[in-house]
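Participant: Next up is a structure, given as structure tokens.
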Amino acid sequence: MGFIHFLELILVIAILLVVGIPLFGKLKLKKLVDPVDPAVDEYKHLLVRKEETLISIKELEFDFNTGKISEPDYNELRHKLEMEAAEIMEQLDRLEQERKKNKPQKTH
Amino acid sequence: MNDIGEFTLLVALATALYGCVAYVMSARGNRIDLYLSADKTPFIVWACIAISSICLWKAFLTDDFSLQYVWAYSNRELDTFYKVSSFWGGQKGSLLFWTLLLSTYMLVVYFQNRSKNLRVVPYAMAIMLAILVFFLFLINFSTNPFERIPLPPEDGRGLNPLLQNYWMVIHPPTLYLGYVGFTVPFAFAVAALISKNLDDGWIRMTRKWTLISWFFLCMGNLFGASWAYVELGWGGYWAWDPVENAAFMPLLIATAFLHSVMIQEKKDMMKVWNMSLILLTFAMTIFGTFITRSGLIQSVHTFDEATLGYYFLAFLFVIIVACVALIILRLPLLKSANELDSFLSRESSFLFNNLVLLGIAFATFWGTIFPIISEAVRGVKITVGPPFYNQVNVPIGLALLALIGIGPVIAWRRATLSNLKKNFLKPLIAAIVAAVVLYPFIPLGSRTEIYTYTTFVLCVFVLASIGTEFYKGTVSRMGLHEESVVGALATVTWRNKRRYGGYIVHIGVVLIFAGIAGSQAYGTHTEKHLQPGESFEIRGYTIKYEKLIAVEATNIKTRIIAQLAVERDGRRYWTGHPEKEFYKGQNQPVSEVDVLSTWKEDLYMILADFREDESATIKVYVNPMVSWMWTGGWIIAFGTMISMWPDRLEQRRRLDRVRKQEQLFPAPAQE
Chain Z
5 MGFIHFLELI LVIAILLVVG IPLFGKLKLK KLVDPVDPAV DEYKHLLVRK EETLISIKEL
65 EFDFNTGKIS EPDYNELRHK LEMEAAEIME QLDRLEQERK KNKPQKTH
Chain X
201 MNDIGEFTLL VALATALYGC VAYVMSARGN RIDLYLSADK TPFIVWACIA ISSICLWKAF
261 LTDDFSLQYV WAYSNRELDT FYKVSSFWGG QKGSLLFWTL LLSTYMLVVY FQNRSKNLRV
321 VPYAMAIMLA ILVFFLFLIN FSTNPFERIP LPPEDGRGLN PLLQNYWMVI HPPTLYLGYV
381 GFTVPFAFAV AALISKNLDD GWIRMTRKWT LISWFFLCMG NLFGASWAYV ELGWGGYWAW
441 DPVENAAFMP LLIATAFLHS VMIQEKKDMM KVWNMSLILL TFAMTIFGTF ITRSGLIQSV
501 HTFDEATLGY YFLAFLFVII VACVALIILR LPLLKSANEL DSFLSRESSF LFNNLVLLGI
561 AFATFWGTIF PIISEAVRGV KITVGPPFYN QVNVPIGLAL LALIGIGPVI AWRRATLSNL
621 KKNFLKPLIA AIVAAVVLYP FIPLGSRTEI YTYTTFVLCV FVLASIGTEF YKGTVSRMGL
681 HEESVVGALA TVTWRNKRRY GGYIVHIGVV LIFAGIAGSQ AYGTHTEKHL QPGESFEIRG
741 YTIKYEKLIA VEATNIKTRI IAQLAVERDG RRYWTGHPEK EFYKGQNQPV SEVDVLSTWK
801 EDLYMILADF REDESATIKV YVNPMVSWMW TGGWIIAFGT MISMWPDRLE QRRRLDRVRK
861 QEQLFPAPAQ E
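The listed protein sequences correspond, in order, to chains Z and X. When the first sequence is numbered by my numbering, its final residue is 112 and no position is left out of the sequence of numbers. When the second sequence is numbered by my numbering, its final residue is 871 and no position is left out of the sequence of numbers.
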């Protein structure tokens with residue numbers, strides 16, 4: 005066996021070891037991700053929507069300050085966005101309350 | 201070394217195949233052991249491809265002509281600089297280079313996201329690995345760069361002289377960085393479809409990748425135009441060549457995607473549209489590769505040994521069918537949560553911009569494939585040339601230019617007519633003034649001239665519209681804070697990087713439009729056969745042919761240089777040296793043009809022919825405003841850099857979201 009072939013063999017063994025080791029431990033018992041909890045997804049989605057709505061309010065303010073939209077439009081759109089934000093925050097609060105209620109209590 | 205290079209390619213293929221399967225099984229079976237095993241493969245695949253690439257580079261640098269690929273694309277006299285770029289000079293190396301870039305991108309994605317979203321990331325990694333498997337399969341079994349020659353020759357055949365140009369060193373890697381880069385958002389989009397994570401998480405995770413890829417694709421197109429301009433010697437920079445089109449189409453669709461994702465982020469709508477756009481962008485990058493490697497279309501860009509077309513066609517077919525099926529399956533989850541507030545809003549201007557961009561992409565696609573269809577159906581090969589593209593794309597391009605100016609002036613969500621009147625007033629006045637000022641100077645006799653005139657007026661309109669935005673932002677900032685004009689302008693740009701970075705990119709695009717219009721409409725050229733000492737005039741320049749110089753540059757290259765004195769107003773202004781280069785073993789000489797480039801126009805000189813009596817045929821082009829295009833490219837680069845610059849506020853918001861989520865749901869947050 006030449007030196008090159010020896011190197012190739014070492015490479016293959018090293019790769020097999022690196023890739024194979026996790027398969028032969030006790031990890032099989034553990035899960036990669038927890039079962040999908042729709043509440044987590046909803047919470048995550050609402051956090052993003054809240055952030056986007058707040059950014060939209062900021063941008064609306066910017067557009068108003070730079071004279072891009074009129075005062076009546078600004079007021080109407082701002083009101084609409086604030087309502088959206090309030091609704092999202094309400095939903096977030098509801099989810100937080102539900103979660104706190106359902107959280108298992110620590111036993112002392 | 202060649203044995204190692206060849207072997208590591210095989211190992212990379214086997215590892216990528218395993219990684220792909222293991223990632224999918226880990227996600228489907230929710231198995232952490234398989235995930236941790238698969239998680240080792242991106243690095244191994246990258247390392248193997250990197251070793252293989254180093255081996256090929258070494259073969260080029262050490263003139264190892266036992267490799268057929270090195271023999272075909274290099275020789276002993278080749279400059280080291282070009283020996284490095286010979287790597288991607290042919291089909292075999294270019295595929296390995298593509299694979300190297302893709303595996304490098306995958307490695308970065310792996311380090312960025314490995315612990316971020318374990319429901320989506322395994323699928324995204326699996327898709328990138330699957331694409332790598334396709335390329336590695338081709339490299340290993342169909343187009344191996346390590347193929348040997350039993351009796352190695354003394355010297356190589358050499359690199360095509362047309363490719364021995366610095367732009368050719370920069371242009372392919374830049375274009376490939378763009379092409380390959382779109383694999384990342386594509387992989388995350390498909391992963392989101394498979395894992396049913398169809399909020400805008402995948403867009404957020406890949407926003408910067410999209411921007412980077414778009415930037416490289418844009419610069420790749422411009423660098424390609426620069427190469428064509430200085431190397432091909434026909435006086436132009438864009439010929440609507442099928443391969444140019446193949447690089448242009450994904451750029452158009454990606455531009456549409458970049459705009460429409462903003463609507464999804466803001467309003468949680470257009471999910472199907474955005475999915476379709478990114479899938480189409482990726483499909484177009486593969487279509488471009490198919491065009492280059494199919495041998496079906498003649499182009500300066502196609503590879504000599506273009507034999508892989510049908511593999512790419514099959515791959516394209518699989519991608520399109522699988523993606524369309526996935527989108528249809530997930531349609532109920534892709535429903536929009538909101539609607540447009542008004543048809544008079546920035547959102548709807550973005551929608552129009554999408555339609556216009558897709559219109560240009562479709563016209564270009566049709567012109568590109570029509571010769572193939574015509575040959576397949578009727579057996580007649582029809583050439584679709586610039587007149588078709590110009591007739592269809594120029595009016596649509598003008599609509600796009602107008603939209604670039606309209607977009608910034610319209611507010612998000614809703615604009616009213618009274619406000620539009622107010623906001624459009626200054627840009628419109630600027631456009632009208634430009635129309636009046638330009639009218640006496642610009643002839644309007646032909647359709648081209650009318651288009652050019654309209655382009656210039658629209659360019660002024662767009663610049664005024666963007667300028668107004670900067671002005672209003674600065675004044676507003678100064679009203680709220682005590683800052684100088686420069687300080688307020690800098691702050692307002694820095695605090696709104698995406699918005700103002702985008703505006704700067706648009707300024708670059710305007711310059712490109714102006715450059716194209718100017719150079720296409722007002723260029724002129726002439727060709728003269730001259731004896732030394734004779735001269736001729738063109739657009740106020742007096743060109744005097746002084747002498748012919750022969751230089752033995754290297755053992756294989758002889759340069760014949762014409763010395764041309766350029767005079768203006770009776771004074772010597774510049775000396776041009778266009779030349780012809782003769783390479784040993786090459787039948788055709790290569791023209792090296794000489795260009796005097798100014799802001800106003802380019803004086804572009806070609807030595808078309810020469811005779812033994814030292815007489816020479818000189819071709820001279822005067823191309824107005826070409827440098828505007830290259831300047832536009834640098835402005836686009838600057839604007840993109842601002843848009844991409846990490847935003848601390850955004851990072852803080854992201855961390856805040858993750859923290860809140862982890863507080864309520866203690867498992868590691870899935871972004």
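Even for Gly, the Cβ is constructed at its ideal location relative to N, Cα and C.
Nearest-angstrom Cα distance between X:I582 and X:V594?
Facilitator: Straight-line Cα distance between these residues: approximately 22 Å.
Participant: Give the list of continuous beta strand (DSSP E) stretches no shorter than 3 residues that lie fully inside the stretch 549 to 599 of chain X.
Facilitator: If we require 3 residues or more, the stretch 549 to 599 of chain X turns out to have no beta strand (DSSP E) run fully inside it.
Participant: Between the Cα of X:F641 and the Cα atoms of X:F656, X:R647, X:L336, X:M469, which residue gives the shortest distance?
Facilitator: Of the listed residues, the one whose Cα sits closest to X:F641 is X:F656.
Participant: With 16 as the cutoff for other CB atoms within 10 Å, does X:M805 come out buried or exposed?
Facilitator: With 16 or more other Cβ atoms within 10 Å, it is buried.
Participant: Is the shortest distance between the beta-carbon of Z:R53 and the beta-carbons of chain X less than 8 Å?
Facilitator: Closer than 8 Å: yes.
Participant: Do X:L796 and X:W774 count as a contact pair if the criterion is CB distance below 8 Å?
Facilitator: Yes, the pair counts as a contact, with Cβ atoms nearer than the cut-off.
Participant: I'd like to know if the stretch 824 to 839 of chain X and the stretch 711 to 719 of chain X are in contact, where contact means that at least 3 CB-CB pairs between them fall below 8 Å.
Facilitator: With a cut-off of 8 Å, the stretch 711 to 719 of chain X and the stretch 824 to 839 of chain X count as touching, because enough Cβ pairs lie within range.
Participant: Expressed to the nearest angstrom, what Euclidean distance is found between the alpha-carbon atoms of X:L234 and X:G401?
Facilitator: If you take the alpha carbons of X:L234 and X:G401, they lie about 25 Å apart.
Participant: Among X:M475, X:A447, X:W473, which has the Cα closest to the Cα of X:T489?
Facilitator: Comparing Cα-Cα distances from X:T489 to each of X:M475, X:A447, X:W473, the minimum goes to X:A447.
Participant: Is Z:I19 close to chain C, meaning its C-beta is less than 8 Å from at least one C-beta of that chain?
Facilitator: Absent from the structure: chain C. Protein chains present are Z and X.
Participant: How many angstroms separate the CA atom of Z:S60 from the CA atom of X:L803?
Facilitator: Distance between the alpha carbons of Z:S60 and X:L803: 50 Å.
Participant: Just verifying my parser: in three-state terms, what is the DSSP assignment at Z:Y47?
Facilitator: It is helical.
Participant: Bridge partners for X:T758 per DSSP, in chain order?
Facilitator: Paired residues: X:E752, X:F782.
Participant: If you draw a straight line from the C-alpha of Z:V23 to the C-alpha of X:K240, how long is it?
Facilitator: Rounded to whole angstroms, Z:V23 to X:K240 spans 6 Å at the Cα level.
Participant: Any beta-carbon of chain Z closer than 8 Å to the one on X:Y223?
Facilitator: So no, X:Y223 is outside the interface.
Participant: Which residues in the same chain as Z:I92 place their Cβ atom closer than 8 Å to its Cβ, once the five residues preceding and following it in sequence are excluded?
Facilitator: Here the set comprises L50, R53, K54, T57.
Participant: Is the CB of Z:N69 under 8 Å away from at least one CB in chain X?
Facilitator: Interface residue, yes.
Participant: In chain order, what residues of the same chain have a beta carbon less than 6 Å from the beta carbon of X:R530, not counting five sequence neighbours either side?
Facilitator: L393.
Participant: List, from N- to C-terminal side, the beta strand (DSSP E) runs of 3 residues or more that fit wholly inside the stretch 824 to 861 of chain X.
Facilitator: Counting whole runs of 3 or more residues, the stretch 824 to 861 of chain X contains no beta strand (DSSP E) stretch at all.
Participant: Is there a Cβ from chain X that is less than 8 Å from the Cβ of Z:I73?
Facilitator: With 8 Å as the cut-off, Z:I73 counts as an interface residue toward chain X.
Participant: Under 8 Å between C-beta atoms, does X:F207 make it to chain Z?
Facilitator: It does; some Cβ of chain Z falls within 8 Å.
Participant: Specify whether the stretch 735 to 754 of chain X and the stretch 831 to 845 of chain X touch according to this definition: at least 3 beta carbon pairs, one from each stretch, less than 8 Å apart.
Facilitator: Verdict: no, contact absent.
Participant: Alpha carbon to alpha carbon, how far is X:D541 from X:E465?
Facilitator: About 15 Å.
Participant: What residues from chain Z crowd round X:F865, counting only those whose CB sits closer than 8 Å?
Facilitator: Per Cβ cutoff of 8 Å: D41, A43, V44, Y47, R103.
Participant: Please classify Z:K105 as buried or exposed, where buried requires at least 16 neighbouring CB atoms within 10 angstroms.
Facilitator: The residue in question, Z:K105, is exposed, as its Cβ has fewer than 16 Cβ neighbours within 10 Å.
Participant: Going along the chain, which residues of its own chain have a beta-carbon closer than 7 Å to the beta-carbon of X:F287, five neighbours each way excluded?
Facilitator: For X:F287, where only same-chain residues beyond five positions count, the Cβ hits under 7 Å are L256, W257, F260, G293, F297.
Participant: Buried or exposed: where does X:L617 fall if 16 or more other Cβ atoms within 10 Å of its Cβ makes it buried?
Facilitator: Exposed is the call here.
Participant: In chain order, what residues of the same chain have a beta carbon less than 6 Å from the beta carbon of Z:G6, not counting five sequence neighbours either side?
Facilitator: Around Z:G6: no qualifying Cβ.
Participant: Can you give me the Cβ contacts of X:Y437 inside the same chain, cut-off strictly under 6 Å, excluding the 5 residues immediately before and after it?
Facilitator: A425, A428, Y429.
Participant: Could you tell me the distance, in whole angstroms, from the CA atom of X:L638 to the CA atom of X:Y653?
Facilitator: Going by the C-alpha atoms only, they are around 8 Å apart.
Participant: Which word fits X:N787, buried or exposed, when buried means at least 16 other C-beta atoms lie within 10 angstroms of its C-beta?
Facilitator: With fewer than 16 Cβ atoms within 10 Å of its Cβ, X:N787 is classed as exposed.
Participant: So, are the CB atoms of X:E206 and X:Q268 less than 8 Å apart?
Facilitator: Result no, Cβ atoms of X:E206 and X:Q268 do not sit closer than 8 Å.
Participant: Check each residue of the stretch 611 to 644 of chain X: if its Cβ is closer than 8 Å to any Cβ of chain Z, include it; give the result in chain order.
Facilitator: Those residues of the stretch 611 to 644 of chain X that come within reach of chain Z (Cβ to Cβ, closer than 8 Å) are A611, W612, R613, R614, A615, T616, S618, N619, K622, N623.
Participant: Give the straight-line distance between the Cα atoms of X:I818 and X:W367, rounded to the nearest whole angstrom.
Facilitator: Looking at the two C-alpha atoms, the distance is approximately 24 Å.
Participant: Between the Cα of X:V211 and those of X:L332, X:I606, X:P824, spot the shortest distance and give me the residue it belongs to.
Facilitator: Considering only alpha carbons, the answer is X:L332.
Participant: Exposed or buried, which one is X:E431 when buried takes at least 16 other CB atoms within 10 Å?
Facilitator: It is buried - the Cβ of X:E431 has at least 16 other Cβ atoms within 10 Å.
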